[in-house]
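Q: Below is a structure I'd like to ask you about.
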Amino acid sequence: MYVWMFLATVGFLIASLFLIIHGFKFDSKYSMIYIGAGFIYTPISLYITLWHLPGLIPGKVLFTIVPGENGTVISKKGTVLIKNIRNIDMVRNPFNLINYLVVETFDDKKIKISTYNLILGDTDYQVIVDRYIFPYMTESARKVWDRKINLELLREEENYERQEQKFD
Numbered sequence: 001m002y003v004w005m006f007l008a009t010v011g012f013l014i015a016s017l018f019l020i021i022h023g024f025k026f027d028s029k030y031s032m033i034y035i036g037a038g039f040i041y042t043p044i045s046l047y048i049t050l051w052h053l054p055g056l057i058p059g060k061v062l063f064t065i066v067p068g069e070n071g072t073v074i075s076k077k078g079t080v081l082i083k084n085i086r087n088i089d090m091v092r093n094p095f096n097l098i099n100y101l102v103v104e105t106f107d108d109k110k111i112k113i114s115t116y117n118l119i120l121g122d123t124d125y126q127v128i129v130d131r132y133i134f135p136y137m138t139e140s141a142r143k144v145w146d147r148k149i150n151l152e153l154l155r156e157e158e159n160y161e162r163q164e165q166k167f168d
């Protein structure tokens, strides 16, 4: 995953600079298009690269889930008891194109955990939440989560089946 992220962000920046350099050689009738495209895409690619750089650090821990009756979700932004989670969702920021896990608590706190797009997709995040957080959530939070996910889709795509839990 790190290789693809690196190629997508830094590769786009290098390609933009390549267009500018070869445009200024004026050895093609498309040189002005190269220069224009390079100047348009260089700031965009630099912006995206700078936002994704923290996610390219090997071994970076985005968040830690401590399962159990008194389980917690721990991140740099704070610690939340699993029993205190009202809603958990993955949201895409339109400005930096990074997905965030947004954890809403019963005491109206919102914690945004940046994933740097390292969590591959919605189904991966759903499996993580369903396996490690769902069994310890409150009954109302479980109902909200059940409305949000499609267990049939998870069974087909991820080969995941929810284990039967003993709920209070």
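Numbering (UniProt numbering), first residue to last: 1 to 168.
Glycine residues also receive a C-beta, built at the ideal position from the N, C-alpha and C atoms.
1. Please report the distance separating the alpha-carbon of Glu-69 from that of Glu-157.
2. Taking the alpha carbon of Ile-33 as the reference point, which residue from Glu-161, Lys-110, Ser-16, Tyr-47 has its own alpha carbon closest?
3. Thinking just about the alpha-carbon of each residue, which of Val-144, Ser-45, Lys-110, Glu-161 is nearest to the one in Leu-151?
4. Expressed to the nearest angstrom, what Euclidean distance is found between the alpha-carbon atoms of Arg-155 and Ile-35?
5. Going along the chain, which unbroken runs of the alpha helix (DSSP H) with 4 or more residues stay wholly within the region 14–69?
6. If we require 3 or more residues per run, which beta strand (DSSP E) segments fall completely within the region 68–109?
7. Just the Cα atoms here: how many angstroms apart are Phe-95 and Leu-53?
8. Can you tell me whether DSSP reads Ile-149 as helix, strand or coil?
9. Taking the straight line between their C-alpha atoms, what separation do you get for Lys-112 and Tyr-100?
10. Checking 9 Å against the spacing of the C-beta atoms, do Asp-107 and Asn-84 come in under that value?
A: So, from the listed chains and residues:
1. Counted from its first residue, the sequence shown places residue 69 at position 69. Counted from its first residue, the sequence shown places residue 157 at position 157. So the alpha carbons of these two residues sit roughly 30 Å apart.
2. As a first step, residue 33 must be located in the sequence shown, where it is residue number 33. Among Glu-161, Lys-110, Ser-16, Tyr-47, the Cα nearest to that of Ile-33 is on Ser-16.
3. Taking the sequence shown and counting its residues from 1, the one referred to as residue 151 is at position 151. It is Glu-161.
4. In the sequence shown, counting from the first residue as 1, residue 155 sits at position 155. In the sequence shown, counting from the first residue as 1, residue 35 sits at position 35. C-alpha separation (whole angstroms): 49 Å.
5. 31–52
6. 72–75, 78–81, 85–92, 99–105
7. Against the sequence shown, residue 95 aligns to sequence position 95. Against the sequence shown, residue 53 aligns to sequence position 53. Rounded to whole angstroms, Phe-95 to Leu-53 spans 16 Å at the Cα level.
8. Within the sequence shown, numbered from 1, the residue matching residue 149 stands at position 149. Looking at Ile-149 - three-state DSSP - the assignment turns out to be coil, as it is neither helix nor strand.
9. By 1-based counting over the sequence shown, the position of residue 112 is 112. By 1-based counting over the sequence shown, the position of residue 100 is 100. So the two alpha carbons sit approximately 6 Å from each other.
10. In the sequence shown, counting from the first residue as 1, residue 107 sits at position 107. In the sequence shown, counting from the first residue as 1, residue 84 sits at position 84. Going by C-beta atoms, Asp-107 is nearer than 9 Å to Asn-84.
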